[in-house]
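Participant: The structure under discussion is supplied below as structure tokens; questions concerning it will follow.
Numbering (the numbering used here), first residue to last: 293 to 426.
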């Protein structure tokens with residue numbers, strides 16, 4: 293995890309950046325088919341990487357914090373979220389909102405002219421103004 297941005301959310305709740313627990317919760321209620329025993333997470337400009345992985349037959353979805361970067365690179369599927377760097381799923385300790393962002397990402401269609409954005413309310417911590425800002 294980079295030291296160049298606020299890491300407090302990840303330190304409070306690792307699911308903010310690596311949502312393994314949220315995936316298990318979604319699998320437990322049948323919302324997704326299952327969870328692999330192996331997980332990979334990449335930070336940074338991953339659009340090109342996800343396109344490469346897709347060509348090998350593995351579907352990928354990106355959650356983008358820097359819209360212009362994703363538009364320039366053009367990943368197959370991406371969801372842009374207006375959250376600060378290091379906070380891709382919104383707020384720490386807000387499982388319902390984190391799963392909502394994940395649902396939006398999973399339902400994103402192949403990228404065309406624009407990136408879809410997550411819908412609904414702002415995450416609690418950011419809405420109160422106590423979280424980091426872009």
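The C-beta atom is built at its ideal place from N, Cα and C for all residues, glycine as well.
Please read all numbers here as calculations on a predicted model, not as lab measurements.
Measuring CA to CA, which of 399, 395, 391 is closest to residue 313?
Facilitator: Closest option to residue 313, judged by alpha-carbon separation, among 399, 395, 391: 391.
Participant: Flag this pair as touching only if the segment 336–349 and the segment 315–326 have three or more C-beta atom pairs under 8 Å; answer yes or no.
Facilitator: no
Participant: Give a yes or no on whether the C-beta atoms belonging to residue 355 and residue 387 are separated by under 7 Å.
Facilitator: no
Participant: What number of angstroms, rounded off, separates the C-alpha of residue 382 from the C-alpha of residue 332?
Facilitator: 20 Å
Participant: With a Cβ-Cβ cutoff of 7 Å, do residue 378 and residue 297 count as a contact?
Facilitator: yes
Participant: With distances taken from CA atoms, which of 395, 385, 353 is nearest residue 300?
Facilitator: Considering only alpha carbons, the answer is 385.
Participant: Could you round the C-beta distance between residue 397 and residue 353 to whole angstroms and report it? I think they count as a contact, below 8 Å.
Facilitator: 5 Å
Participant: Please tell me whether residue 371 and residue 400 are closer than 7 Å, where the distance is taken between their beta carbons.
Facilitator: yes
Participant: What does the alpha-carbon distance come out to for the pair residue 308 and residue 347?
Facilitator: As the crow flies, the alpha-carbon of residue 308 is around 28 Å from that of residue 347.
Participant: Please classify residue 393 as buried or exposed, where buried requires at least 16 other C-beta atoms within 10 Å of its C-beta.
Facilitator: buried
Participant: Threshold first: 3 residues or longer. Then list the beta strand (DSSP E) segments lying entirely within the segment 336–394, N to C.
Facilitator: 354–356, 370–372
Participant: Can you tell me where the alpha helix (DSSP H) with residue 314 in it begins and where it stops?
Facilitator: 312–320
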